[in-house]
Amino acid sequence: VAQGDQVVSGQPLSTDPNVGGFGQRDVEVVLQDPARIQWLMLFIGAIMLSQVLLVLKKKQVEKVQAAEMNF
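Encoded structure:
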């Protein structure tokens, strides 16, 4: 808004969407790209699967070590 401009009630005072202020309208904000969320879920799923497989492998090694101690 410059000096001498006519301002109508409800008109935004700035064209910059980053400038807030009382009475300015809200718009939807997209936080993440859906493809990034899908890849993140796939990555976390792969980590969880690898953790389960490592626990199973550890149990297998413990069984082998216990069997070797019996001899």
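In this note's numbering, the protein residues as written are 935 to 1005.
C-beta atoms are modelled at their ideal positions from N, C-alpha and C, and glycine is treated no differently.
Owing to the predicted nature of the structure, the values given are computational and were not obtained by experimental measurement.
Assign residue i to one of three DSSP states: helix, strand, or coil.
i, result
"P968", "helix"
"E962", "coil"
"G938", "coil"
"S948", "coil"
"S943", "coil"
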